[in-house]
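Notes follow the structure.
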Amino acid sequence: MNRRQLIIIVAISLLALLGGVLTSQWIYKTGLASDPAVKAFFANSWQTPDGKTVDTQKWQGKVLVVNFWASWCPPCVEEMPALDKLQQEFLQQNVLFVGIGIDSPSNIREFLSKTPVSYPIVIGGLEGSNLSKQMGNSQGALPYTIIINAKGKASYSKLGKISEDDVRSAIKSAL
14 MNRRQLIIIV
24 AISLLALLGG
34 VLTSQWIYKT
44 GLASDPAVKA
54 FFANSWQTPD
64 GKTVDTQKWQ
74 GKVLVVNFWA
84 SWCPPCVEEM
94 PALDKLQQEF
104 LQQNVLFVGI
114 GIDSPSNIRE
124 FLSKTPVSYP
134 IVIGGLEGSN
144 LSKQMGNSQG
154 ALPYTIIINA
164 KGKASYSKLG
174 KISEDDVRSA
184 IKSAL
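Here this note's numbering runs 13 ahead of the position in the sequence shown, where the first position is 1.
Pasting the structure below:
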């Protein structure tokens with residue numbers, strides 16, 4: 014291999030690396046939900062997996078940790094014990110975790126019978142993906158977590174599996 018070929022290979026490799034870095038930044042880019050999106054979230058008529066209507070008025074005035082997930086999503090399932098642990102840790106501090114299941118009610122019921130959590134789970138269905146996009150999840154991928162402070166303003170979002178320490182820190186900032 015001559016010097017010119019080596020330079021071309023190195024240049025192409027560097028361009029590929031740069032392209033990969035930029036693509037990953039775009040893929041994992043999230044924004045914070047706008048005020049109208051948060052209002053739409055609270056106005057949505059959420060239902061539990063058992064078909065009961067949820068009174069979102071009880072959610073207002075709390076720090077909400079909203080997690081969009083699905084039973085078929087491995088990182089979603091992996092992070093649920095950490096979310097459950099954090100819910101217990103912040104239970105007495107006006108913090109509520111809410112899971113939005115992007116799945117059918119029957120699949121969610123079956124999943125929760127084997128993997129119960131202490132925080133409320135509501136049905137997002139296919140429309141839940143659209144709502145997560147409105148809430149700052151430009152990719153519509155899962156899991157997606159957003160924190161809404163007690164005043165109804167989005168203060169944190171994360172696309173992908175959460176870090177327990179990052180969420181703990183974001184909750185403390187929202188308090």
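Every residue, glycine too, gets a C-beta built ideally from N, C-alpha and C. Nothing here was measured: the structure is a model prediction, and the numbers come from that model.
{"Query": "Check whether the Cβ atoms of Ile184 and Val79 lie closer than 7 Å to each other.", "Result": "no"}
{"Query": "Look at the alpha carbon of Lys164 and the alpha carbon of Ile21, and state the distance between them as a whole number of angstroms.", "Result": "55 Å"}
{"Query": "May I have the straight-line CA-CA distance separating Cys89 from Asp97, to the nearest angstrom?", "Result": "12 Å"}
{"Query": "Hey, out of Trp59, Gly173, Tyr169, whose CA is closest to Pro156's CA?", "Result": "Gly173"}
{"Query": "Please check if any C-beta of chain D sits within less than 7 Å of the C-beta of Gly138.", "Result": "Given the protein chain composition of this structure (a single chain), no chain D is represented."}
{"Query": "Quick check: the Cα distance between Ala50 and Ser26, rounded to an integer number of angstroms?", "Result": "41 Å"}
{"Query": "Whose CA, out of Asp63, Ser142, Gly149, Ser145, lies closest to the CA of Pro133?", "Result": "Asp63"}
{"Query": "Which residue comes first and which comes last in the alpha helix (DSSP H) that contains Asn162?", "Result": "Neither: Asn162 is in no alpha helix (DSSP H) and is coded neither H nor E."}
{"Query": "If I measure Cβ to Cβ from Phe124 and keep anything under 6 Å in the same chain, skipping five residues before and after, which residues do I get?", "Result": "Ser84"}
{"Query": "Taking the alpha helix (DSSP H) that Asn80 belongs to, which residues open and close that run?", "Result": "Run containing Asn80: none in the alpha helix (DSSP H); it sits in the beta strand (DSSP E), 76-82."}
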